[in-house]
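Numbering (full-length UniProt numbering), first residue to last: 1 to 177. For every residue, glycine included, the Cβ atom is placed at its ideal position computed from N, Cα and C. Predicted model only: the values in this text are computed from it and were never measured. Below you'll find the structure, written out as structure tokens, and then a few comments.
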Amino acid sequence: MFRINSIPEAEAEGRVKKVYDDLKDSLGMVPNIFKALSLWPRGLELYVEMFKGTMFAETKLTRGVKEMIAATVSKTNECDYCLIHHTNFMTLYGISPAVSEQIVRDPQSADISKAEKRLLAYVKKVTQQACKVTDADVESLKEIGWSEEEILEATMIISLFNSINRVADALGVQLEV
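Structure below.
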């Protein structure tokens with residue numbers, strides 16, 4: 001299933017079992033990306049905590065916007081595992097299937113707000129070359145209505161999904177069947 005061993009759900013004990021049970025309670029399943037981390041229980045706990053703390057918590061950004069960010073990062077990084085999941089999650093969290101596909105294909109021509117388009121351009125730039133982000137990039141987000149808290153949150157989600165994408169691809173994580 002992965003390029004390294006993992007702990008199957010039926011064999012999970014202790015900290016790993018606790019995380020698996022928590023994921024089953026909140027998601028109805030244990031996604032393969034988290035199973036891939038099971039040999040290092042503390043790493044698994046940290047990733048799940050960060051994932052749930054950013055994606056599930058009620059914050060300034062809506063879940064739909066969070067999923068747009070996750071999908072855009074995953075598309076930019078060509079991480080099929082995460083892209084498929086987060087394209088589906090966009091639809092689950094209120095974005096029509098047609099618009100979800102538009103966002104994946106080309107966010108700048110998608111039927112979304114100008115503010116969302118600008119945010120997704122920022123997402124792509126941070127993902128491709130964070131060192132090239134300028135004061136003007138951040139100011140343009142503020143000018144169109146994004147608060148500093150929302151910009152920070154978006155940046156943290158971008159960072160998280162760049163990390164998750166790399167783990168998924170490096171370890172050969174495949175879609176659940």
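- Classified as exposed, Arg3 has fewer than 16 neighbouring CB atoms from the shown chains inside 10 Å of its CB.
- Approximately 6 angstroms separates the beta-carbon atoms of Ser38 and Leu44; this is inside 8 angstroms, confirming the contact.
- Restricting attention to alpha helix (DSSP H) runs no shorter than 4 residues, the segment 100 to 149 encloses them at 114 to 129 and 135 to 143, ordered along the chain.
- In the structure shown, Cys79 adopts coil according to DSSP, grouped into three states.
- For Thr62, there is no enclosing alpha helix (DSSP H), since its DSSP letter is neither H nor E.
- In this structure, Ile95 keeps its C-beta atom at 9 angstroms or more from the C-beta atom of Glu139.
- Taking C-beta atoms as the reference points, Arg15 and Pro41 count as a pair closer than 9 angstroms.
- The beta carbon of Thr87 is closer than 7 angstroms to those of Ala71, Ser100 and Val104 in its chain, skipping five residues each way along the sequence.
- Within the same chain, and ignoring the five residues on either side of Lys24 in sequence, the residues whose Cβ sits closer than 7 angstroms to its Cβ are Val30.
- Under the DSSP assignment, Leu44 falls in the alpha helix (DSSP H) whose first and last residues are Pro41 to Met55.
- In this structure, the alpha-carbon of Pro107 lies about 15 angstroms from that of Gln128.
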